[in-house]
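Working notes for the structure below.
Residue numbers (my numbering), protein chains in the order written: chain E, 1 to 305; chain C, 1001 to 1533.
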């Protein structure tokens, strides 16, 4: 596995979350194998990875739910090995599954959760519930999956957190509810300039909402940067099958595909390197969609069809 | 924050807590109102001990289920983990809340008992402190055990069974007085009466246990970021259920078997008894009172006859193991009265009879002893329905084994009278019911004719093989005889020993009886018109 590629950080913004070398093993399985990531203030960060890539483990470590074996987390100016209670009080968290107490009403749940946050605003919570069209007096067991996700978001936003972390919040939702939910997140983040990190394995979701993305695969970050930068770095070279092509030191092959008498190489390199690339006769460079880049990043290296 | 968590727990488990509260109220009423028990034990504090032993374990289990099991089973602990709340604090709150509720209940019971003693008993401060210390320590132990138990998740039942076995094993196997140790001693017989001595050893042992189980509970709840508790709380797969059930069953059977083996019955020693041995049979004779010369002589003569008879039975059945027989002469018994002293099966057979009585039928005595000796040899299994007809057949057939079917018209008459027109294997399989409708004597005679027919048709060796397979196999005190009866039932043994299935033999048996009846002189034939074809 190649080391993570990191795009240039925006110099004018400060990282609100900086993670270095975060590792967590479950037996012989490395769920997180040295994760490095930076989330800057006010941005929406899409944490992309296939199922089992290590997204949830990383987020659980960020939330202090799971302890890291090694590594450091610098959150809101404090660097620790494990996120403390005071740090957690400044984070809004939406987990993958909503395990609310079924007998509680939304209002009672808000009151219960609010007691853990010094910055909790009951009025804000009520406003959010109204905005999300969730009846306050309804018990959580009577809510649909989409409404539960919205309730979780309301609970996460009510204390006005400095950082919002969402772990695949749209998992299990239908496309309409998913779109609606992501629009709310984007609106809330843009409106209040709230830093948001959300994980997903859905490329269109990340492409539509995220300012910057991090791609994690097998517990390691494969890429971190903005989408435009990613598309500039990763391109496809198409050439006839059997063409001899020396890629040199400036490029890394993400995927080598041979189909229908044609060879397609997904290469990763610095934008400047693409300007000076020496292509063999009959070869051409093509742009790639984010989905193709993601598949090239996390899929099989060689494909012969 | 903590107040909200406590409120949440109280609201969430309001129903269970209300039920416990009602139960506690009834316990308190029991303490306050039960004059009879109070008078019987001499102090109301004995009733407090009863409440501790009945209400407290139940309350611990209910609280552990509600505070721990429910949280993990519904995965709501994941919701709590997402909040700014340390995991240890969440567990500590549950632990503390459970303990506080239990102590409140015990405190209420304690107070009511104390008030109840006003004007009845002198209660010193030291005595009250001792009681409070004992109750608190016992409550702590039970709650910490239940708390840890709650984290066992799907293995709670298994853990419960293992715990009960662990507690029961020393009592059953080692005859250990458990009431002398640790938590049991704290709330033992002296609980309501000991006013001065501080049970320091018991208190420290109980506190040690409580601390241990508390650590186990917190370890399960905190270790590996609570992944152990989460994994344990998931439901059992069907395969796991089968394996666990089988393992528990096997463990309980093994323990019971071991206990049974280790609980070897004390061999009977008859002072002044005289042993008479013939082959595999030993008979010890004695008399309830000092016997006269003639009594001694009669006792020895009968014992010798019994020994010889049983030895020939053992020889016929090809067994070298017969239970020890004890023959006690009781001159106060009536002639026809034979008493079985009901020893443990492994101790043998003890009978009491008046061996010098005028009307004593030695043949009846012999037949009775042969039957009971075989029952004792089988550890009582021959009384079970599936093999009962073979035992009846043998004990009735044995004295007449040298007679052919037609040589004994009276017995043939009885057998024919007992045999219904549709007599079949079904009747043999439901022999106890059949015997009840026909009477013991008729049914036994009919069964014996089956053996006679078998000897006539298949030879004595086939009959002996069959009888050996049912009456003479060695019996162990475990599940093996039961398994053998299930896998190798009597009809199968019959088929294997004689080469003929039992269900085809029974019609031949009927036919043989019919033919034998037809060959009888006319006086007998007229008696049984129903047997004519």
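Heads up, the beta-carbon is just placed ideally off N, CA and C, and yes, glycines get one too.
- Taking a 10 Å sphere around the C-beta of residue 1496 (chain C), we find fewer than 16 other C-beta atoms and assign the residue as exposed.
- When only Cα atoms are considered, residue 1341 (chain C) and residue 1312 (chain C) end up about 24 Å apart.
- Put simply, the CB of residue 274 (chain E) is far from chain C, with every gap to its CB atoms at 8 Å or more.
- At the C-beta level, residue 39 (chain E) and residue 22 (chain E) stay beyond 8 Å of one another.
- No Cβ-Cβ contact shorter than 8 Å links residue 1347 (chain C) with residue 1409 (chain C).
- Those residues of the region 144-161 of chain E placed with their C-beta closer than 8 Å to a C-beta in chain C do not exist.
- Counting only runs that start and end inside the region 34-83 of chain E, the alpha helix (DSSP H) elements of at least 4 residues fall at 55-62.
- Listed along chain E are 115, 116, each with a C-beta nearer than 7 Å to that of residue 1001 (chain C).
- Interface criterion not met: the Cβ of residue 1103 (chain C) is under 8 Å from no Cβ in chain E.
- For the options C:1137, C:1484, C:1412, C:1424, the alpha carbon positioned closest to that of residue 1187 (chain C) is the one of C:1137.
- Here the alpha carbons of residue 1116 (chain C) and residue 1102 (chain C) stand approximately 21 Å from one another.
- The beta carbon of residue 1074 (chain C) falls within 8 Å of a beta carbon belonging to chain E, placing the residue at that interface.
- The three-state reading of DSSP puts residue 252 (chain E) in strand, counting E and B together.
- Straight-line spacing of the CA atoms in residue 1238 (chain C) and residue 141 (chain E) works out to 28 Å.
- Scanning E:226, E:285, E:167 for the CA closest to the CA of residue 200 (chain E) turns up E:167.
- Residue range 1293-1317 is occupied by the alpha helix (DSSP H) that includes residue 1312 (chain C).
- Around residue 1085 (chain C), the beta-carbon contacts reaching into chain E at under 9 Å are 85, 88, 116.
- At a cut-off of 8 Å between beta carbons, residue 65 (chain E) contacts chain C.
- Residues of chain E with a Cβ closer than 7 Å to the Cβ of residue 1008 (chain C) are, in chain order, 112.
- The Cβ atoms of residue 119 (chain E) and residue 164 (chain E) lie no closer than 8 Å to each other.
- When secondary structure is reduced to three states using DSSP, residue 1206 (chain C) falls in the helix class.
- For residue 15 (chain E), the secondary structure class from DSSP, reduced to helix, strand or coil, is strand.
- Under the three-state reduction of DSSP, residue 1008 (chain C) is assigned to helix.
- In the three-state DSSP reduction, residue 1001 (chain C) falls in the coil class, being neither helix nor strand.
- For residue 114 (chain E), the uninterrupted alpha helix (DSSP H) segment begins and ends at 106-114.
- Flagged as an interface residue toward chain E: residue 1081 (chain C), by a C-beta distance shorter than 8 Å.
- When Cβ-Cβ separations below 8 Å define contact, residue 45 (chain E) makes no contact with chain C.
- Contact of residue 1121 (chain C) with chain E is not assigned, every C-beta pair being separated by 8 Å or more.
- Here DSSP, grouped into helix, strand and coil, assigns residue 1275 (chain C) to strand.
- Around the C-beta of residue 1240 (chain C), fewer than 16 other C-beta atoms lie within 10 Å, and the residue is accordingly described as exposed.
- In the DSSP assignment, residue 93 (chain E) falls within the beta strand (DSSP E) that extends over 91-94.
- Beta-bridge partners assigned by DSSP to residue 1283 (chain C): C:1276, C:1325.
- Using a Cβ-Cβ distance cut-off of 8 Å, the region 1285-1294 of chain C and the region 1325-1335 of chain C are in contact, since at least three pairs of beta carbons, one from each stretch, lie closer than that value.
- Here the alpha carbon of residue 1468 (chain C) sits roughly 7 Å from the alpha carbon of residue 1318 (chain C).
- The DSSP-derived three-state label of residue 174 (chain E) is coil.
- Shown here, residue 1177 (chain C) sits in coil according to DSSP, grouped into three states, outside any helix or strand.
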